[in-house]
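Protein chains: 2
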Amino acid sequence: MSPQLKKGFLEYCILAVLERGDSYGYQIIKDLAAVIAMPESTLYPILKRLEKQGKVTCHNELADGRNRKYYHLTATGQADVVDFLQEQTEVERIYQFIREAMEHA
Amino acid sequence: MSPQLKKGFLEYCILAVLERGDSYGYQIIKDLAAVIAMPESTLYPILKRLEKQGKVTCHNELADGRNRKYYHLTATGQADVVDFLQEQTEVERIYQFIREAMEHA
DNA sequence: CTCCTCACTTTGTTATGCATAGTATAGCTT
DNA sequence: AAGCTATACTATGCATAACAAAGTGAGGAG
Numbered sequence: 001m002s003p004q005l006k007k008g009f010l011e012y013c014i015l016a017v018l019e020r021g022d023s024y025g026y027q028i029i030k031d032l033a034a035v036i037a038m039p040e041s042t043l044y045p046i047l048k049r050l051e052k053q054g055k056v057t058c059h060n061e062l063a064d065g066r067n068r069k070y071y072h073l074t075a076t077g078q079a080d081v082v083d084f085l086q087e088q089t090e091v092e093r094i095y096q097f098i099r100e101a102m103e104h105a
Numbered sequence: 001m002s003p004q005l006k007k008g009f010l011e012y013c014i015l016a017v018l019e020r021g022d023s024y025g026y027q028i029i030k031d032l033a034a035v036i037a038m039p040e041s042t043l044y045p046i047l048k049r050l051e052k053q054g055k056v057t058c059h060n061e062l063a064d065g066r067n068r069k070y071y072h073l074t075a076t077g078q079a080d081v082v083d084f085l086q087e088q089t090e091v092e093r094i095y096q097f098i099r100e101a102m103e104h105a
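As they're listed, the protein sequences go chains A and B.
The first sequence begins at 1 in the UniProt record's numbering and counts up one residue at a time.
The second sequence begins at 1 in the UniProt record's numbering and counts up one residue at a time.
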């Protein structure tokens, strides 16, 4: 997928994963792998940003003697995803515009 | 629309317009206005980039005593749009992934 | 004790949209 | 002729963003 387009989906994919329950970095990457690839150096900065924006909250937890940062979706973050989904019709319209232009040729 | 997502569509919208025939900056903006808003300070740099990448070619022409830069879509640029359209299924899959996550909650 | 997986951090580079402002011509109105 | 609007392109500078690459440290398997 075009890298530029991909950027538009990244953060919403992360928020969607958290909708299913609190999770942490490494797990999120694995959960997303099937739908969208994301290296650690991309995920963690986005999580930090989302936290600063109040779309997720963060709490540490111990698992197997290892520390994990669990992220939790807030109401703000949830509302964000809802808004995002509503944009899909606009996206479809753009695809249709491009497709029609191509057929015309 | 989320600005980040919008970025992913801009250049393909421009290429699509040129598919219908050679055009120039000001006209392209007007043609796109209905589907996607784009200020001049966004369009012209993109056109320059597309030219450097060989996706469009450029030739000057006089119209009403005014000089115009006409842009022409190349085969490379055309192939690009075709590729882009084929990514739509992937985009749909992402939307479905997010939608399912939201419903699950 | 070495290698692999897990889990997160840090640094630095590159790309990109766009607000803002500026330049310049044509044509219409008053 | 002065002023306004539309046309057409240019230039500067800022903010955002993804990601490669490398490093840190813990735990478990062989």
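For glycine and all other residues, C-beta sits at the position ideal for the given N, C-alpha and C.
Chain A contact for residue i (CB, 9 Å cutoff)
i       : result
Val56/B : no
Gly8/B  : yes
Glu90/B : yes
Arg66/B : no
Leu50/B : no
Leu85/B : yes
Closest by C-alpha distance to residue i, when choosing among the options
i             : options                            : result
Leu43/B       : Ala79/B, Ile14/B, Asn67/B          : Ile14/B
Leu85/B       : Leu73/A, Glu92/A, Gly77/A          : Glu92/A
Thr76/B       : Ser2/B, Pro3/B, His59/B, Ala16/B   : Ala16/B
residue 141/A : Glu11/A, Ala63/A, Ala37/A, Gln96/A : Since the first residue of chain A shown is 1 and the last is 105, residue 141/A is not available in this structure.
Ile36/A       : His104/B, Glu103/B, Phe97/B        : Phe97/B
Ser23/B       : Glu103/B, Met1/B, Glu87/B, Ala63/B : Ala63/B
Beta-carbon proximity of residue i to residue j, cut-off 9 Å
i             : j       : result
Leu18/B       : Phe9/A  : no
residue 114/B : Arg20/A : Residue 114/B lies beyond the stretch modelled for chain B, which goes from 1 to 105, so this question has no answer here.
Cutoff 9 Å: residue i Cβ touching any chain B Cβ
i       : result
Tyr12/A : yes
His59/A : no
Gln4/A  : yes
Quiz item: Between the segment 74–82 of chain A and the segment 52–63 of chain A, are three or more C-beta pairs nearer than 8 Å?
Solution: yes
Practice problem: Could you list the residues in the segment 10–36 of chain B with a C-beta less than 7 Å from some C-beta on chain A, going in chain order? | Solution: Tyr12, Cys13, Ala16, Val17, Glu19, Arg20, Val35, Ile36
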